[in-house]
Amino acid sequence: CPYAVASEDRIIALDQEFKEKGFPVIAINPNNPEVQPADTFQKMQEKAKEKKFTFPYLYDESHSLYKTYGAAKTPHVYLLQKEQGKYRVKYIGAIDDNVRNANAVKERFLANAVNELLQGKEVSVKETKAIGCSVKV
4 CPYAVASEDR IIALDQEFKE KGFPVIAINP NNPEVQPADT FQKMQEKAKE
54 KKFTFPYLYD ESHSLYKTYG AAKTPHVYLL QKEQGKYRVK YIGAIDDNVR
104 NANAVKERFL ANAVNELLQG KEVSVKETKA IGCSVKV
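In this text, residue positions in the sequence shown follow the working numbering: the first is 4, and each later residue adds one.
Listed below in structure tokens is the structure:
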């Protein structure tokens with residue numbers, strides 16, 4: 004998916020920016036490799052090594068996790084925060100306002116949400132429209 008590829012460096016940067024502050028990235032590939040042959044587990048591992056991912060890149064083998072969270076696109080991000088022993092979704096949607104061009108980003112939706120949580124605030128923008136390719140199952 005060209006949208007996911009265009010987001011890879013931003014995802015790495017987000018992990019580097021927020022991992023030590025308690026908000027690490029975990030990437031999960033929901034696609035079925037029978038439908039999307041470029042998304043086999045082996046090819047995922049090659050991609051992670053090539054791009055030097057700083058975060059776990061997991062495969063949703065049962066193709067059920069994306070349904071649980073309602074992911075419809077790749078990339079589709081979810082910000083979770085642990086509260087009273089349970090993880091709560093605080094933000095859902097796009098990484099930022101320009102999936103195609105990182106240099107033209109004006110709003111960093113996910114980073115803004117994390118920063119608000121780090122400041123002890125509620126997330127002001129809880130959801131945006133995820134822009135990307137449809138999940139292939």
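We put the CB at the ideal spot given by N, CA and C, even for glycine.
Endpoints, the alpha helix (DSSP H) within which residue i is located
i: N118; result: 112 to 121
i: R103; result: Careful: R103 lies outside any alpha helix (DSSP H) and carries neither H nor E.
i: Q45; result: 44 to 54
i: S10; result: 5 to 21
Closest by C-alpha distance to residue i, when choosing among the options
i: L83; options: L17, A133, Y94; result: Y94
i: K52; options: L121, P40, I15; result: I15
i: T43; options: Y60, D18, E130, V80; result: Y60
i: V38; options: K89, V108, C4; result: C4
i: F58; options: N106, E125, A41, D12; result: D12
Range covered by the beta strand (DSSP E) that runs through residue i
i: A30; result: 30 to 32
i: E86; result: 80 to 86
i: V92; result: 89 to 96
Same chain, Cβ closer than 8 Å to residue i, five either side skipped, listed in chain order
i: Y6; result: K76, T77, P78, V102, R103, I134, G135, C136
i: M47; result: N32, Y60, Y62
Sequence-distant residues of the same chain with beta carbon closer than 6 Å to residue i, five excluded per side
i: V140; result: N35, H66
i: F21; result: V117
Whole-Å CB distance - residue i paired with residue j, under 8 Å assumed
i: L120; j: V128; result: With a Cβ gap of about 12 Å, L120 and V128 do not count as contacting.
Cβ contact check for the region 89 to 105 and the region 55 to 66: 3 or more pairs under 8 Å: Touching, no.
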